[in-house]
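One structure is given here, and the rest of the page talks about it.
Number of protein chains: 2
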Amino acid sequence: MKIGVVGLGLIGGSLARQIMRNTEHTVLAYDISDEVLKKGALLNAYHDILDINAPEIDVDILIIVTNPRATLKILDNVVPRMKSGAIIMDCAGIKKEVIKKMEALKQTREDVFFVGGHPMAGREFSGVSHSTATLFEHAYIILTPVDMDDICALERMKEFFKEVKCEGITISGYDKHDKIIAYTSQLAHIISSSYIKNPLSSEHVGYSAGSFRDLTRVAKLNAPMWTELFLSNKKYLLEAISDIQLRIEEYKTAIENDDEEKLMELLQDGTEKKEIADKKAREKKQC
Amino acid sequence: MKIGVVGLGLIGGSLARQIMRNTEHTVLAYDISDEVLKKGALLNAYHDILDINAPEIDVDILIIVTNPRATLKILDNVVPRMKSGAIIMDCAGIKKEVIKKMEALKQTREDVFFVGGHPMAGREFSGVSHSTATLFEHAYIILTPVDMDDICALERMKEFFKEVKCEGITISGYDKHDKIIAYTSQLAHIISSSYIKNPLSSEHVGYSAGSFRDLTRVAKLNAPMWTELFLSNKKYLLEAISDIQLRIEEYKTAIENDDEEKLMELLQDGTEKKEIADKKAREKKQC
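From first to last, the protein sequence lines stand for chains S and D. Numbering-wise (my numbering), the first sequence opens with residue 1 and increments by one. Numbering-wise (my numbering), the second sequence opens with residue 288 and increments by one.
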């Protein structure tokens, strides 16, 4: 197959390199920056440059890996010129807007297939220079179908990502995706970003270890991208923020009141919830 | 020298094993549990058992590695029977109470030296079975002097931990220690424990990656120990909690108001603060 990758950033570059590494497919890449394309060539991220303005875009699968708003524009631009039978997948971190857009575009091209995607890995660095050819080998790819008509396209993408050697594939409705991601990913970034802002963070050296390192890792982030993602998932993200605010307040109250019993109970409950989460992860691995 | 280690848990066991591994000193160990001592022997954690009830405790350095309250009791118990010239170090995660106790005991034995200690490493598991002989090779040891009369003892402990091959040694007043640790370690544990309690944590599998893993790692903890530590550092810990509560609220408000500019600014500020913290860590490594 011919696989097109639009946007050679950290995620697009890593996906392209992993496809190159683990499959025999032909990879064609496009980026608005010539410099990025040159770096990508040096990193063996693609076979050839993708002509995204051709009258017919000559790929079997087109993977769009840009910031969410740019993805919506690119979809409008490329869909009329896709080959019949081609599949388009996006990689936006929140799915509602892009799935709605795909639903609308589907009416204009019934012979083109749409699948939402979200590769669940990242690094605290941006750009193709930090991409790796194995970033998704230990990561889940979440696939969010547009509707059940696309079940075959979904199957094809599942097979494709198995071939690319991703650790696992999750099939999920977009609403469930956006709700859980608000917690597992978006809230984590807000908490990390809030945590690092204590003025004592500049004095941590020699007074910190793993817990500080882990809590602050994702505080360094791509601000414009996360701003778009947070605002496009406002409802679920605000729910997740409110939840942790209530939990933190419980600890604060117990400490203010020197309530040893309550504090112990809160900590024990957290330990149990973590053990449940870890157990579910181990069970899944055994499947 | 003869080094006594009281309490063969994760930290005491790891310290004992690292002393065994990297030095020629004789290690004597004590634990209230015979089973733990047997496991410790299998793990080569000590040469011989320490008789903590002997009329004179025959060690040059005694390292106490128990929960904070137990440490205070053990100090009362052992100080009258220490050899003249011996050094006692504790390992409590918060230093104020133990340093005050040491100050008082110092009046009773002017020929015994006291140094507060805090080895900055841990694992999300407890007990000697999870100890390792290299846990502190990439960790700082914080030493908190009781007063300047103990400067020679402090120097001896610094040399000792260099020999044990710890990554670095921080000399700090206990108050500064307790203030920074409230943020770098205690707050991290409260946030992680709060984060895991969202009911969605049990559905994270297939929808989560590094940020979830990092944010939740230390949610699994030794509840009785952390309860003691939190309550003995109430003032600084409440300050750290209030700080992050204000930061989180800023994000919430910006999202509620769809204030894209403000949200971007908040995220960019977090990124810069993280870069400053990382830069300081790199500079220290170059020293």
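Built from N, CA and C at the ideal position, the CB exists for glycine as well.
- Look at D:T419 here: in three-state DSSP terms it is coil, with no helix or strand label.
- From the beta-carbon of D:P511, the residues of chain S found nearer than 8 Å are M264.
- When Cβ-Cβ separations below 8 Å define contact, S:Q18 makes no contact with chain D.
- When the beta-carbon positions are compared, S:L263 and S:A254 come within less than 8 Å of each other.
- Separation of S:S192 and D:L502 (C-alpha to C-alpha, rounded to the nearest whole angstrom) is 8 Å.
- For the segment 43 to 70 of chain S, the set of residues with a beta-carbon nearer than 9 Å to any beta-carbon of chain D is empty.
- For the segment 243 to 264 of chain S, the residues whose beta carbon sits under 7 Å from a beta carbon of chain D are, in order, D243, I244, Q245, R247, I248, Y251, K252, I255, E256, D258, E260, L263 and M264.
- For S:K220, at least one C-beta of chain D is nearer than 8 Å to its own C-beta.
- Out of D:Y427, D:D545, D:A373 and D:R410, the CA that lies nearest to the CA of D:K393 is found in D:A373.
- Around D:T514, the beta-carbon contacts reaching into chain S at under 8 Å are E260, L263, M264 and L267.
- When the Cα atoms are used, S:L75 and D:G460 turn out to be separated by approximately 60 Å.
- Contact between the segment 26 to 45 of chain S and the segment 83 to 103 of chain S is not established, with fewer than three Cβ pairs separated by less than 8 Å.
- From the listed residues D:D465, D:V365, D:P367 and D:V451, the smallest Cα separation to D:T313 is found for D:V451.
- Flagged as an interface residue toward chain S: D:G493, by a C-beta distance shorter than 8 Å.
- In the DSSP annotation of this structure, the continuous segment of the beta strand (DSSP E) that includes D:K289 starts and ends at K289 to V293.
- Within the same chain, and ignoring the five residues on either side of S:A219 in sequence, the residues whose Cβ sits closer than 6 Å to its Cβ are S192, S193 and I196.
- In the assembly as shown, D:D338 is an exposed residue. Its beta-carbon has fewer than 16 other beta-carbons within 10 Å.
- Here the alpha carbon of D:S529 sits roughly 51 Å from the alpha carbon of S:D149.
- Here the alpha carbons of S:L231 and D:D545 stand approximately 7 Å from one another.
- DSSP lists D:L315 as the bridge partner or partners of D:D335.
- Take S:K176, set aside five residues on each side of it, and no residue of its chain has a beta-carbon closer than 6 Å to its own.
- Judged by their CB atoms, S:P68 and S:E228 are nearer to each other than the 8 Å cut-off.
- Annotated as distal: D:L487 and S:I3, with beta-carbon spacing of 8 Å or more.
- For S:E275, the closest Cβ of chain D is nearer than 8 Å.
- Distance from the Cα of S:T66 is smallest, within the candidate group S:Y236, S:F161, S:D269 and S:N222, for S:N222.
- DSSP places S:G116 in the uninterrupted beta strand (DSSP E) bounded by F113 to P119.
- Ranked by Cα distance from S:A54, the first of S:K234, S:T132, S:K83 and S:E155 is S:K83.
- By the Cβ criterion, the segment 116 to 133 of chain S is in contact with the segment 8 to 21 of chain S, since at least three pairs of Cβ atoms, one from each stretch, lie closer than 8 Å.
- Of the candidates S:E203, S:L62 and S:D147, S:E203 places its Cα closest to the Cα of D:E570.
- If the five residues before and after S:Y251 are omitted, its C-beta is found closer than 8 Å to the C-beta atoms of L263 and L266, all from its own chain and listed in chain order.
- Using a Cβ distance threshold of 8 Å, D:G493 and S:G168 count as a contacting pair.
- For D:Y470, the chain S residues whose C-beta falls within less than 7 Å of its own C-beta are N198 and L200, listed in chain order.
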